[in-house]
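Sequential numbering of the sequence shown, starting at 1, is according to the UniProt record's numbering. Think of the CB as a built atom: it goes at the ideal place given N, C-alpha and C, for glycine as much as any other residue. A quick note: this is a predicted structure, and the numbers were derived from the prediction, not measured.
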Amino acid sequence: MSIAVEAAFVPAPLAASSVAEDPHELTIQEVHAALSDLGHNHLGELVYTKCTLSSKGLSRLPGLERYGNLQQLILDHNALTELTAVRYMPQLVYLSARHNKLTSDVFECLAGAAGCLERLHLDGNCLTSLSGLESLPFLTDVTCSENRIASVSARCLSGAHRLMRLRLNHNCISSIEVNAFEAASHLRTLELAHNALTKVSFLRSVSSQMERLTLADNRIAHLGSAVQHLEGLTVLDVRRNALNGLTELEALCTLTALRTLFFDGNEDLNHLPYIAGAEFTADPAMQQPSAGRTEYHAEVVMSDEENDDAGQGADLLVLGMAASSQADERSFTVGPTNASAADAAAGSGRWHDKGNAPPFVGGNKMDDSLSPHHHPTAYASATAPTAAAAAPPTTASYVALAATETHNFIRTVGSAARDAALCVKVDNAREISALPREEQVYLWTLAVLPHLLELNGRTIHADEVARASFLFATKPES
């Protein structure tokens, strides 16, 4: 089988030293050296389908129109001012002519490839508008960054029914018509970084399934409701703009698919403008005063230190009141009158008169070792001299705690304390204020947008989201 005539002779590639640096017209030798990738034409003949002529210093492409079966043409980094040869390439699918000297007239030349052209890369040229792009209905990927485009109209994108990616970074775009993207219903990536945009009302015409939006290095002050319908948005870049306060980020809370956000370089987003100390609480219930002491505030201490008079007296008062309800006739008590005398004589305040029923230690199941016969000083027979000489209770006095009644009482009280709601109050405002300013904004953003995975290039962890949600349960005013 013979190869079609336009590619019948393919000489060896030229040496690097023979490539001219000054602008010149394309030669047949350069064409033959640039051809690659074989395919079949409509007659079943083998033909070349790809031609790469990058960095050749070309100013014109004479003779290239003979290769009408080309599907890929790469002409980057030359000095081309026109692409007349493309008029005769109806099967061209991919054209890259980055960094040349092409003007907006190039779109007229591309009309010959309108039936197949899907990918068009014209970065770094001299384009001033996208007029003529509407005649290329099969485009899915268009890149025209680093040009001189000043505006984008709805007319030039009226045929962009299949357009999925549009990159217009580093231009002079100051205005985009509100309905510019109505026809681009499949648009998924829109890049408009390094332009002169001040408003984003055109985003209302963008498909809700937009996934990546880049608006960095513009003069945008408000996002507002223009982005709230972008439910499919996963990446948003608004770095180095003029966004007015953190309320601009609150407008993004409806974007539940958003995973990556860049907003650094916006001066008004670098700090929290207002922090109210009383408003930062994890739970309104935590602001309520404590209803009483719990096991976290105090604990029962059973000590045999005889010198701790005040502490032991208080403990005996509580324990005596608990046991008094179950005491029987065998219990020995200090009479009301004599108890007062003993109290006065001792001067320690150990025994307290509560309605003529002074406390005591004892119970139905008190051990015989605690009887008055064994401890005459601790259990007096109601005489003042003997009561005054009573010794402070020691560890042995607490043996009565083994009584079932007393044990049950203390267990009930202890359980009630454990079941009570733990009351912990955290001064959120003070904790937030102690953080670096950048960290404050970082955590605040996580509280507003907890579904993010990356913020300003920083990977987000689950514990950071939890901390942010706690600290900013009540958000500051912006």
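Close-in-space but distant-in-sequence residues of the same chain around residue i (CB under 6 Å, 5 per side omitted)
| i | result |
| --- | --- |
| Asp-217 | Ala-193, His-194, Arg-240 |
| Gly-254 | The amino acid occupying residue 254 in the given sequence is Thr; Gly does not appear at that position. Hits under 6 Å: Gln-228. |
| Val-206 | Phe-181 |
| Asn-171 | Asn-147, Ile-149, Asn-195 |
| Asn-266 | Asn-241, Leu-243 |
| Leu-75 | Leu-53, Ala-97 |
| Ser-185 | Ser-207 |
| Arg-437 | His-271 |
| His-373 | With a pLDDT of only 45 at His-373, under 50, the local geometry of the prediction cannot be trusted, and the value read off the model is given with reservation. There are no such residues. |
| Glu-82 | none |
| Pro-137 | Gly-159 |
| Ser-469 | Ala-447 |
| Thr-260 | Val-235, Glu-454 |
| Ile-176 | Val-152, Phe-202 |
Among the options, the one whose alpha carbon lies nearest that of residue i
| i | options | result |
| --- | --- | --- |
| Glu-118 | Ser-129, Asp-141, Cys-126, Lys-101 | Asp-141 |
| Leu-213 | Val-47, Val-227, Leu-75 | Val-227 |
| Leu-70 | Thr-143, Arg-204, Leu-35, Leu-102 | Leu-35 |
| Asp-105 | Tyr-94, Arg-66, Thr-84 | Thr-84 |
| Glu-65 | Leu-43, Leu-230, Gln-91 | Gln-91 |
| Glu-25 | Val-31, Ala-33, Arg-60 | Arg-60 |
| Ser-54 | Ser-96, Val-152, Glu-464 | Ser-96 |
| Arg-188 | Leu-166, Asp-264, Leu-157, Pro-23 | Leu-166 |
| Leu-190 | Leu-215, Glu-30, Thr-198, Ser-174 | Leu-215 |
| Ser-153 | Pro-137, Leu-136, Gly-132, Met-164 | Gly-132 |
| Arg-219 | Cys-116, Asn-428, Leu-122, Val-200 | Val-200 |
| Cys-126 | Cys-144, Gln-209, Cys-116, Gly-245 | Cys-144 |
| residue 536 | Leu-139, Ala-33, Glu-45 | This structure leaves residue 536 out entirely; the chain is present only between 1 and 478. |
| Met-164 | Gln-209, Leu-130, Arg-204 | Gln-209 |
| His-77 | Glu-45, Phe-107, His-121 | His-121 |
Buried or exposed by the 16-neighbour rule on C-beta atoms within 10 Å, applied to residue i
| i | result |
| --- | --- |
| Cys-51 | buried |
| Thr-281 | At Thr-281, the pLDDT of 38 sits below 50, so the modelled position is not reliable and the matter cannot be decided from this model. |
| Arg-458 | exposed |
| Ala-196 | exposed |
| Leu-38 | exposed |
| Gly-349 | For Gly-349, the pLDDT reaches just 42, beneath the cut-off of 50, and the residue's location in the model is therefore unreliable, leaving the point undetermined. |
| Leu-168 | buried |
| Leu-43 | exposed |
| Gln-29 | exposed |
| Asn-408 | exposed |
| Leu-269 | buried |
| Thr-412 | exposed |
| Leu-453 | exposed |
| His-461 | exposed |
| Ala-183 | buried |
| His-32 | buried |
7 Å CB neighbourhood of residue i in its chain, flanking five on each side removed
| i | result |
| --- | --- |
| Arg-155 | Glu-134 |
| Gly-124 | Arg-98, His-99, Glu-146 |
| Ala-7 | A caution first: Ala-7 carries a pLDDT of 40, below 50, which makes its placement in the model unreliable, though a value can still be read off. Cβ within range, chain order: Leu-35, Val-47, Tyr-48. |
| Gly-224 | Ala-251 |
| Ala-79 | Pro-23, Gly-57, Leu-58, Ser-59, Asn-100, Lys-101 |
| Val-465 | Leu-446, Pro-450 |
| Asp-264 | Arg-239, Asn-456 |
8 Å contact criterion, which residue i and residue j should meet: CB distance rounded
| i | j | result |
| --- | --- | --- |
| Tyr-88 | Gly-112 | 6 Å |
| Phe-202 | Val-178 | 6 Å |
| Tyr-48 | Tyr-67 | 7 Å |
| Phe-262 | Asn-41 | Not a contact, Cβ separation roughly 47 Å. |
| Arg-467 | Leu-443 | 7 Å |
| Thr-256 | Ala-221 | About 25 Å; that fails the 8 Å criterion. |
| Leu-249 | Leu-233 | Not quite, the Cβ-Cβ distance comes to about 14 Å (not below 8 Å), so this is no contact. |
Cut-off 8 Å between Cβ atoms - residues of its own chain near residue i, not counting five sequence neighbours on either side
| i | result |
| --- | --- |
| Val-86 | Leu-73, Leu-92, Leu-95, Cys-109, Leu-110, Gly-112, Ala-113 |
| Thr-128 | Thr-103, Ser-104, Asn-147, Arg-148, Ile-149, Ala-150 |
| Ser-174 | Ala-150, Ser-151, Asn-195, Ala-196, Leu-197, Thr-198 |
Within-8 Å CB hit, residue i to chain C
| i | result |
| --- | --- |
| Leu-117 | Of the chains in the structure shown, none is chain C; there is only one protein chain. |
Residue i beta carbon near the ligand GDP (any heavy atom closer than 7 Å)
| i | result |
| --- | --- |
| Val-448 | Within the structure as shown, the ligand GDP is missing, as the structure has no ligands at all. |
Exercise. What runs of the beta strand (DSSP E), each 3 residues or longer, lie entirely inside the stretch 190–239?
Worked result: 212–214, 235–237
Problem set entry | Whole runs of the beta strand (DSSP E) within the stretch 15–94, excluding any shorter than 3 residues | 35–40, 46–52, 58–60, 72–74
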